[in-house]
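Heads up: the structure comes next, in structure tokens.
Protein chains: 2
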Amino acid sequence: MSVVTGNSKASTTSVTIGDIARVAGVSRSTVSRAFSRPELLSAETVQRVKAAAAQLGYVANHAARALSTGRFGNVAVVVPDIANPFFPPLVRRVQTLADAAGFAVFLGDSDEIADREANLTSRLSAQVEGFVLAAPRLDEQRIRELDATRPVVLVNRDISGLARVLIDPSGGLDEAVAHLQRHGHRSLVYLSGPRESWSDQQRRAALLSAAKRAGLEVTIQELGRPSSAAGRDAVGGILSSGATAVIAFDDVVAQGVMAGLALRGIDVPRDISVIGCDDTLASGTHPALTTISAASAAAGDAAAELLLAVLSSGERSEARVAIATHLVVRATSDKARDDIS
Amino acid sequence: MSVVTGNSKASTTSVTIGDIARVAGVSRSTVSRAFSRPELLSAETVQRVKAAAAQLGYVANHAARALSTGRFGNVAVVVPDIANPFFPPLVRRVQTLADAAGFAVFLGDSDEIADREANLTSRLSAQVEGFVLAAPRLDEQRIRELDATRPVVLVNRDISGLARVLIDPSGGLDEAVAHLQRHGHRSLVYLSGPRESWSDQQRRAALLSAAKRAGLEVTIQELGRPSSAAGRDAVGGILSSGATAVIAFDDVVAQGVMAGLALRGIDVPRDISVIGCDDTLASGTHPALTTISAASAAAGDAAAELLLAVLSSGERSEARVAIATHLVVRATSDKARDDIS
DNA sequence: AAGACTAGTGCAACCGTTTGCAAAGTCAAG
DNA sequence: CTTGACTTTGCAAACGGTTGCACTAGTCTT
């Protein structure tokens, strides 16, 4: 793939196929075909046109092409918060695969706000061929409407009839509950994520079900936006619940909880066990966080492949790709303390 | 800002200003003006056109508009690695400010490779009005060529004549060196980042200068891609250097170093002090990392403002915005051990 | 040697929006 | 009742590509 040539004469005003046609002594159609359908032309002509194009420093005008073909060569990936470490690996994979397939990618950050997400998608839909919506906060109807216009691939949102990639927390949560039970815990707190979050609903349901089977008691404590600060502020409630373990909506929240506990001089895991979700912080927390893995990069791969397949085949997909999770035991989970109040 | 209406009749084939014109009983020019220059029309006409547009679920075709006006309404932000925690806050701010100004944003991830960056920028330049290049790996000439086509704002790259936002590490490194000296360290290792990285060059130079003034010895150890794994693999070299302190190119590398040291049973900070850069991991490492702050979100704000100012005014900027840094002392730095070998 | 193909190229229409220019209408001043 | 200024609207030509169709030369068939 060649790159901007140095000796281009490219002035401020860009060079068009008309310029190339003049230099190469052919018609504009021929120039166009030299790029899009070279097999229709004689090798010699293609050669001559490309030489002229290179000499002039030609770069195709995307807008013109898009207007003519209806194909934009763009896709969009929309996330609730790119600063949440779950998303960058996912976005990175989407970008890489899309780029390899010749697509450029728009990034939208909805700031966890459904209406902002709606604005982003409606504005982007005018110049993209498809969407990857990661953990969308939009209601189902608006997502369906969007999909009616442009193919959508969902990540962590389960809407029948749409293509979707789902990280299934139940495996990891089963393991987590078993792990806690084995260590003598009887009662735990779940710090939930945003209400609109499919992931949170799944995690909540899977946890309640696993806990019920295991005979553990679960208190659900609602958080708004999942952030370190929210986790830190939640410790008061956690402590007053009398639970000996916490499962947090994600690692960032878990890390906030640990910071909050440290501030109060409460030892993890001696006094309380903490388990995160997503495994985004690697072993970088203090102590190293027990967590439930969720390969966001793999989800990005799957989503990108799904979307690209739809775009190249033209056929909608209803694929439902599930990605399994498991518990990664590190240093924040251990035996329950005895003196449960 | 209103959002997709529910009762739209939008079929697969999108509605154009022609459709609106027919419904509203005016010409296409009038429809166009109702949106772009409503002050030229009677209030009543504007009203009627907008009603028709809403009824039909009209969404302007970006490509057509761009082709006609030469303005794309898009900007691009290109980073070496979106999964590196330094960049997401920056990208987020750029996206937010650009969005507020009516621009959509492309994300490019160069994977730390200059040629990939060149490909990204040259392909994106056909559909964006300007670039934010964060820590670009491109050589100066190619950046200047790009800037000749579309306004560029650099982050952490200092090229005269271009608009740029620079995080100046010297303040933080002076403090770090002073801090180490005060704790009895005489010799330290600097784990450098990518050769093409302006940040690395700055950090290296600032560190050497501060160390020289303080009479500390510095060994520079080259890393390739700054990653946790690279940091982990660097501990052999660090230990054999006999230094009592390490300053790493960034927090991710520092975290890798700490993981590597832990594997060998070496205690931080008792046996060796570790200092990171960028303060991207908050206090989430184990032990909490002493680091040099670098407000990447602030850099994103500044870069976005610079670019948007250029785009709205039409006048190129040569602004050079410097952002100061300082040392954040946490738990990984302390007194030098005595038995220096 | 005539007709049927085929390969290679050009013509011209089209994609949806913007915009310079002109036409038509309104109104007040002379 | 002109006339000039102003307001409101439409006409038509861009913008830079793509693509169906037609045309010209060869090349094959028979």
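Top line first, the protein sequences correspond to chains P and L. The working numbering puts the first residue of the first sequence at 2, with every later residue one more than the last. The working numbering puts the first residue of the second sequence at 2, with every later residue one more than the last. Don't be surprised by glycine CBs; every beta carbon is placed ideally from N, CA and C. Bear in mind that the values here come from a model prediction, so they are computed numbers and not experimental data.
Where does residue i land, buried or exposed, given buried means 16+ other C-beta within 10 angstroms?
| i | result |
| --- | --- |
| Asp175(L) | buried |
| Asp268(P) | exposed |
| Glu113(L) | buried |
| Glu141(P) | exposed |
| Glu118(L) | buried |
| Asp201(P) | buried |
| Thr70(L) | exposed |
| Leu308(L) | buried |
| Leu98(P) | buried |
| Ala52(P) | exposed |
| Gly261(P) | buried |
What do you reckon, are the CB atoms on residue i and residue j nearer than 8 Å?
| i | j | result |
| --- | --- | --- |
| Leu163(P) | Leu155(P) | yes |
| Thr292(L) | Val329(L) | yes |
| Pro86(L) | Val253(L) | yes |
| Ala215(P) | Gln182(P) | yes |
| Leu68(L) | Ala65(P) | yes |
| Ala323(P) | Pro90(P) | no |
| Ala310(P) | Val133(P) | no |
| Ile160(L) | Tyr191(L) | no |
| Ala345(P) | Val236(P) | Examination of residue 345(P) is not possible in this model, given that chain P is present from 2 through 342 alone. |
| Leu312(P) | Gly185(P) | no |
| Phe107(P) | Phe107(L) | yes |
| Arg93(L) | Ile83(P) | yes |
Just the Cα atoms here: how many angstroms apart are residue i and residue j?
| i | j | result |
| --- | --- | --- |
| Tyr59(P) | Arg38(P) | 17 Å |
| Val80(L) | Ala300(L) | 13 Å |
| Met2(L) | Gly103(L) | Low local confidence applies: a pLDDT of 36 at Met2(L) is under 50, so the model's placement there is unreliable, and no value is given. |
| Thr326(P) | Pro170(P) | 6 Å |
| Ile18(P) | Ser123(P) | 32 Å |
| Arg72(L) | Arg226(L) | 37 Å |
| Gly194(P) | Thr286(P) | 20 Å |
| Val76(P) | Asp110(L) | 15 Å |
| Val47(L) | Ala35(L) | 5 Å |
| Val247(P) | Ala337(P) | 11 Å |
| Gly173(L) | Leu290(L) | 14 Å |
| Ala283(P) | Ala101(P) | 28 Å |
| Gly243(P) | Ser274(P) | 12 Å |
| Gly26(P) | Leu57(P) | 14 Å |
| Lys10(P) | Ser126(L) | Caution applies to Lys10(P), whose pLDDT of 38 falls short of 50 and renders its modelled position unreliable; the value that the coordinates give is listed next. Cα-Cα distance, rounded: 17 Å. |
| Thr150(L) | Leu240(P) | 59 Å |
| Val50(L) | Gln128(L) | 29 Å |
| Ala135(L) | Pro152(L) | 14 Å |
| Gly277(P) | Val178(P) | 12 Å |
| Arg321(L) | Asn157(L) | 10 Å |
By DSSP, does residue i sit in helix, in strand, or in coil?
| i | result |
| --- | --- |
| Asn75(P) | strand |
| Ser126(P) | coil |
| Thr97(L) | helix |
| Met2(L) | Here Met2(L) scores only 36 on pLDDT, less than 50, and its place in the model is too uncertain to base an answer on. |
| Val219(P) | strand |
| Ile293(P) | strand |
| Arg205(P) | helix |
| Ala25(P) | helix |
| Gly173(P) | helix |
| Gly238(L) | helix |
| Ser43(L) | coil |
| Phe36(P) | helix |
| Asp116(L) | helix |
| Leu91(P) | helix |
| Ser30(P) | helix |
| His186(L) | coil |
Locate the alpha helix (DSSP H) running through residue i, then write down its first and last residues.
| i | result |
| --- | --- |
| Leu147(P) | Glu141 to Thr150 |
| Ile168(L) | No alpha helix (DSSP H) contains Ile168(L), which is instead part of the beta strand (DSSP E) from Ala164 to Asp169. |
| Leu264(L) | Asp252 to Leu264 |
| Gly232(L) | Ser229 to Asp234 |
| Arg331(L) | Arg331(L) -> no alpha helix (DSSP H), and no H or E assigned at all. |
| Arg66(L) | His63 to Thr70 |
Could you pull the start and end residues of the beta strand (DSSP E) that residue i belongs to?
| i | result |
| --- | --- |
| Glu306(L) | Run containing Glu306(L): none in the beta strand (DSSP E); it sits in the alpha helix (DSSP H), Ser297 to Ser314. |
| Val16(L) | Taken as a continuous stretch (DSSP letters only), Val16(L) belongs to no beta strand (DSSP E), as it is neither H nor E. |
| Gly109(L) | Ala105 to Asp110 |
| Arg138(P) | Neither: Arg138(P) is in no beta strand (DSSP E) and is coded neither H nor E. |
| Leu155(P) | Val153 to Val156 |
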